[in-house]
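**Student:** Going by UniProt numbering, the sequence shown opens with residue 1, and the numbers climb by one from there.
Beta carbons: idealized from backbone N, C-alpha and C, even for Gly.
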Amino acid sequence: MLEAICFGSHVIAFNVLHCLPVTTVCWCSLVFGASIMQDRDLSEYSPSFSNTSEDLPCSHHLCEQSGNCKSLKEPCPYIAEYDSENTTSSGFLVEEKLHLASVSNHATQNHVQASVILGCGRKQSGGYLDGAAPDGVMGLGPGNISVPSLLAKAGLVRNSFSLCFDEKDSGRILFGDEGLATQQSTPFLPIAGNNAYFVGLEHYCVGSLCLKLTQFQAIVDSGSSFTYFPTKICEKIVSEFDKQVNATRINIPKSTFKYCYNASSQELHNIPTMRLVFIMNQSFLIHSPIYSDSENPKIFFSDLMWGLLV
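(1) Closest to V112 by CA distance: which of G119, L129, V103 is it?
(2) Would you mind giving the Cβ-Cβ distance between N270 and C260, rounded to the nearest angstrom? I have them listed as a contact below 8 Å.
(3) Under a three-way DSSP split, which group does F49 fall into?
(4) Does DSSP put L180 in a helix, a strand or coil?
(5) By the three-class DSSP mapping on this structure, what secondary structure does V245 have?
(6) First and last residue of the alpha helix (DSSP H) that includes residue 311?
(7) For Y197, tell me which candidate among C164, Y82, G143 has the shortest Cα-Cα distance.
(8) Quick one: using the 10 Å Cβ neighbour count with 16 as the cut-off for buried, is E240 buried or exposed?
(9) For G119 and I79, what's the separation of their Cα atoms in angstroms?
(10) Would you report the Cα separation of G139 and N246, rounded to the nearest angstrom?
(11) Tell me the rounded alpha-carbon separation between G176 and L150.
(12) Need the endpoints of the beta strand (DSSP E) that C120 sits in, please.
(13) Would you kindly report the start and end of the unbroken beta strand (DSSP E) that includes residue 314?
(14) Give me the Cα-Cα distance between L201 and N110, rounded to the nearest whole angstrom.
(15) What residue range is occupied by the uninterrupted beta strand (DSSP E) comprising A263?
(16) Is the beta carbon of M274 less than 7 Å from the beta carbon of V199?
(17) I believe T186 touches I286 by the beta-carbon criterion, under 8 Å. Please report the beta-carbon distance rounded to the nearest angstrom.
(18) In three-state terms, what does DSSP make of C234?
(19) What are the boundary residues of the beta strand (DSSP E) that includes R172?
(20) What residue range is occupied by the uninterrupted beta strand (DSSP E) comprising Y197?
(21) Who are the Cβ neighbours of T52 in its own chain at under 7 Å, not counting the five residues just before and after it?
(22) Excluding the 5 residues preceding and the 5 following S162 in the sequence, name in chain order all residues of the same chain whose CB lies nearer than 6 Å to its CB.
(23) Just tell me which of S84, P190, L156, S160 has its CA closest to the CA of H99.
(24) At what residues does the beta strand (DSSP E) containing C164 begin and finish?
(25) Quick check: is any heavy atom of the ligand SAM less than 6 Å from the C-beta of H287?
(26) Pull up the distance between the alpha-carbon of A154 and that of P148, whole angstroms please.
(27) For I117, tell me which candidate among S146, G141, A132 has the shortest Cα-Cα distance.
(28) Just mark C164 as buried or exposed, buried being the case when its beta carbon has 16 or more other beta carbons within 10 Å.
(29) Would you decide whether P75 is buried or exposed? Buried here means 16 or more other CB atoms lie within 10 Å of its CB.
Written out as structure tokens, the structure is:
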């Protein structure tokens, strides 16, 4: 497996295109190496200062915008338009070396240089100008030039990865991680070509009751805090949770939460479990389906912000 260490919500220091999740954008900052410290200023990346950077030409088979080139020798351009209002990114693609550590059961670590494709932004708008992804986001989609795909094509690892965070929002990403033999999984269902995917949910269970007509498809975006349910399904889930929870419901003026409760620490132990049942009958248990008020731990909320934080 190949390892990169990440901090906060960003992996290494790339800016990724949400509608081009296979491409990384490096107009702000890029750090080559295993770790990024939150208390350090991130240095700006410029291809002209890199000895290993090469423009990806329009003649390259991975250049999707070659039709916009005047010459096949020009750098391959990219243009990305996001769902966020007026948010776009455009620039050109470069090929660069990514430094990773090989992880195994042995104490010694080997360092690997892997070729990846970056998108160097020349023009940004919308959320990027408001501070979105200041140190970047890495694309982990199943497309041809995503980082996992390129590592797998080079024969370095299998086309898989794992991403884990601890309670301090730090964590690490492992490329080629296949997980434990006992680990459950659900297949990715591609949408929008090969650049994005969703997962299929068969049932949502509250306590021992699995609700009928709660089948839907969900996009799990590693760059977003919440994965949202369809409104009608979420209403069913929250209503059933309200029936089963052993706590006093209260009204908090101006709260964004519709379902708020006041409970003792003993009552909090009786919160009904919540479980997602995916395709192939694979289950995912939600360990903490509630959000507690930091100023008053006895108060908690459970309309899941009309979504689900996992």
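**Tutor:** Quick answer:
(1) Position 112 of the sequence shown, counted from the start, is the residue given in the question as residue 112. Looking at the Cα atoms, V103 is the closest of the given residues.
(2) Position 270 of the sequence shown, counting from 1, holds the residue named residue 270. Position 260 of the sequence shown, counting from 1, holds the residue named residue 260. 17 Å between Cβ atoms; not a contact.
(3) Counting from one through the sequence shown, the residue named residue 49 turns up at place 49. Note: F49 maps to helix in three-state DSSP.
(4) Here residue 180 corresponds to residue number 180 of the sequence shown, with the count starting at 1. Reduced to three states, the DSSP call for L180 is coil.
(5) Numbered from its first residue, the sequence shown carries residue 245 at position 245. Coil, per DSSP.
(6) The structure shown does not extend to residue 311, since the chain is modelled only from 1 to 310, so the question has no answer here.
(7) The residue you call residue 197 lines up with position 197 of the sequence shown. Residue G143 is the option with its Cα nearest to Y197.
(8) Here residue 240 refers to the residue found at position 240 of the sequence shown. With 16 or more Cβ atoms within 10 Å of its Cβ, E240 is classed as buried.
(9) Sequence index remark: in the sequence shown, residue 119 carries index 119 (1-based). Sequence index remark: in the sequence shown, residue 79 carries index 79 (1-based). If you take the alpha carbons of G119 and I79, they lie about 10 Å apart.
(10) For the purposes of this step, residue 139 is identified with residue 139 of the sequence shown, where counting begins at 1. For the purposes of this step, residue 246 is identified with residue 246 of the sequence shown, where counting begins at 1. C-alpha separation (whole angstroms): 42 Å.
(11) One-based indexing of the sequence shown puts residue 176 at position 176. One-based indexing of the sequence shown puts residue 150 at position 150. About 12 Å.
(12) Here residue 120 refers to the residue found at position 120 of the sequence shown. In the DSSP assignment, C120 falls within the unbroken beta strand (DSSP E) covering 110 to 124.
(13) The structure shown does not extend to residue 314, since the chain is modelled only from 1 to 310, so the question has no answer here.
(14) Here residue 201 corresponds to residue number 201 of the sequence shown, with the count starting at 1. Here residue 110 corresponds to residue number 110 of the sequence shown, with the count starting at 1. C-alpha separation (whole angstroms): 40 Å.
(15) Mapped onto the sequence shown, residue 263 falls at position 263. Segment: none, A263 is in no beta strand (DSSP E) and carries neither H nor E.
(16) Translated into the one-based positions of the sequence shown, residue 274 becomes position 274. Translated into the one-based positions of the sequence shown, residue 199 becomes position 199. It is not a contact, given that the beta carbons lie outside the stated cut-off.
(17) For the purposes of this step, residue 186 is taken as the residue at position 186 of the sequence shown. For the purposes of this step, residue 286 is taken as the residue at position 286 of the sequence shown. Wrong, their Cβ atoms sit about 15 Å apart, outside the cutoff.
(18) In the sequence shown, residue 234 corresponds to position 234, counting from 1. In this structure, C234 counts as helix in the three-state DSSP scheme.
(19) Here residue 172 refers to the residue found at position 172 of the sequence shown. Start and end: 170 to 175.
(20) Along the sequence shown, read from residue 1 onward, the residue named residue 197 stands at position 197. Element bounds for Y197: 196 to 206.
(21) Residue mapping note: residue 52 aligns to position 52 of the sequence shown, counting from 1. Only E96, K97 meet the Cβ criterion.
(22) Within the sequence shown, residue 162 is the residue found at index 162, counting from 1. L174, D177.
(23) Counting from 1 along the sequence shown, the entry for residue 99 is found at position 99. Considering only alpha carbons, the answer is L156.
(24) Start at 1 with the first residue of the sequence shown, and residue 164 comes out as number 164. Looking at the DSSP string, the run of the beta strand (DSSP E) that includes C164 is 161 to 165.
(25) For the ligand SAM, the structure offers nothing, since it holds no ligand at all.
(26) Counted from its first residue, the sequence shown places residue 154 at position 154. Counted from its first residue, the sequence shown places residue 148 at position 148. Going by the C-alpha atoms only, they are around 10 Å apart.
(27) For the purposes of this step, residue 117 is taken as residue 117 along the sequence shown, with counting starting at 1. When each option's Cα is compared against that of I117, the closest is S146.
(28) Residue mapping note: residue 164 aligns to position 164 of the sequence shown, counting from 1. By the 10 Å Cβ count, C164 comes out exposed.
(29) On the sequence shown, residue 75 is found 75 positions in, with the first residue counted as 1. So P75 counts as buried.
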